[in-house]
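First comes the structure, then the notes that go with it.
In the numbering used here, the protein residues as written are 71 to 334.
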C-alpha cells in the first residue's frame, strides 16, 4: 500500500453477537483503493462484503485494525459529505418527485455546502431523467428509481461512492442495460468507487479491479486486475479477454485461493 491511496484498510476484523455467541464476520482484511479506481468486491452470500462496505463508509466500527479515508477516519469524510451511498433498495420518498428526492439531502443538510457540485437539475439530466423530473416513485420503473438514487448520492459531489448491490433488485434485462448507464456515469465523474456485487459479469464490466472474498469469516483471497480498454462498449462482454477474466474470478471463488490473480 502507498501513501497515495484513497482508502486504506489494515488488518481489519469485525464480530457480531448472534444467538448468544460471537460471530467473526471479517478477519484480517487489508485493502488499498487508489483515487479514481473502481473496485468491486465479490464473494459468497454472508461473507461480510456489506459489513466491509459499511465500515469503509463509517457506518460501523471495526473491532480490530484500521480504516482510513484520505488519511483520516471515515467519519471525517462523512462530515465533509465526501462519501455517497447507493444501496440495493433506492429508498425514495414516495411523496416527493424525482427532482425533490434528489434535492432532499441538500434540504436536510442546510449547513453543508454543495459549492462546486452539480445542481439537482443537472444531476437529473446526467442520469437521463429530465422529462421525468416531476414524476413520483410509483410512476417509475425499477431502473429509473435506481438512477434517482444515484443522482441523490452525487448531490454533494462526493469523492468516494460506496454501492451495495445497486442493481441487485432489477430484472435481468434492466440490470444489463443499467450496467452501461452506471459505466457511462462513472466515466464522466471518475470518482473512487467500491461496489459490492454477486455478479461476475457486472464486476468485470465496471471495474478496474475485482476483489474476491472467502466465506465466513470473510477474508480477501486475492484480486484480479481488469485490463480492458475504456470506455467499455456494448459487446465487450462477448470478447475472449472478458470471458477469461470471468473464468479467473470464478476459479478464485471456487478454490478459495488466488488463481491467475494479482495480490490484494
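Ideal placement from N, C-alpha and C gives every residue a C-beta, glycine not left out.
These numbers were taken from a predicted model, which means no experiment stands behind them.
With a 10 Å radius around its C-beta and 16 neighbouring C-beta atoms as the bar for buried, classify residue 325 as buried or exposed. Indexing the chain shown from 1 puts residue 325 at position 255. The residue in question, residue 325, is exposed, as its Cβ has fewer than 16 Cβ neighbours within 10 Å.
Where do the N-terminal and C-terminal ends of the beta strand (DSSP E) with residue 179 fall, by residue? Here residue 179 is taken as the residue at index 109 of the chain shown, counted from 1. Annotation: residue 179 is outside any beta strand (DSSP E) and is labelled neither H nor E by DSSP.
Mind checking which residues open and close the beta strand (DSSP E) that includes residue 134? For the purposes of this step, residue 134 is taken as the residue at position 64 of the chain shown. Segment 134–139, the beta strand (DSSP E) holding residue 134.
Can you tell which of 192, 246 and 242 has the C-alpha that lies nearest to the C-alpha of residue 338? Residue 338 lies beyond the stretch modelled for the chain, which goes from 71 to 334, so this question has no answer here.
Please list, in chain order, all residues of the same chain as residue 117 whose beta carbon is under 7 angstroms from its beta carbon, the five residues on each side excluded. In the chain shown, residue 117 corresponds to position 47, counting from 1. Take residue 117, set aside five residues on each side of it, and the residues of its chain with a beta-carbon closer than 7 angstroms to its own are 283, 284, 285, 286 and 288, in chain order.
Would you call residue 81 buried or exposed, if buried means 16 or more other Cβ atoms sit within 10 Å of its Cβ? In the chain shown, counting from the first residue as 1, residue 81 sits at position 11. Exposed, since its Cβ has fewer than 16 Cβ neighbours within 10 Å.
Can you name, in chain order, every residue of its own chain whose Cβ lies under 7 angstroms from the Cβ of residue 246, other than the five neighbours on each side? Walking along the chain shown from the start, residue 246 turns up at place 176. Answer for residue 246: no residue qualifies.
Helix or strand or just coil, what does DSSP make of residue 231? For the purposes of this step, residue 231 is taken as residue 161 along the chain shown, with counting starting at 1. If DSSP states are grouped into helix, strand and coil, residue 231 belongs with the strands.
Is it buried or exposed, residue 261, if we count other Cβ atoms within 10 angstroms and call 16 or more buried? In the chain shown, the residue the question calls residue 261 occupies position 191. The Cβ neighbour count for residue 261, taken over all protein chains shown within 10 Å, is at least 16; the residue is labelled buried.
Which same chain residues, not among the five before or five after residue 133, have their C-beta less than 7 angstroms away from its C-beta? Start at 1 with the first residue of the chain shown, and residue 133 comes out as number 63. Once the five neighbours on either side are set aside, the close Cβ partners of residue 133 are 83, 84 and 85.
Which same chain residues end up closer than 8 angstroms to residue 114 when comparing Cβ atoms and leaving out the 5 residues on each side of it in sequence? Walking along the chain shown from the start, residue 114 turns up at place 44. These residues qualify, in order along the chain: 283, 284, 285 and 323.
Three-state class that DSSP yields for residue 72 in the structure shown: Start at 1 with the first residue of the chain shown, and residue 72 comes out as number 2. Below a pLDDT of 50, predicted positions are generally treated as unreliable, and residue 72, at 45, falls in that range; the measurement from the model is reported next regardless. Residue 72 falls in the coil class under three-state DSSP.
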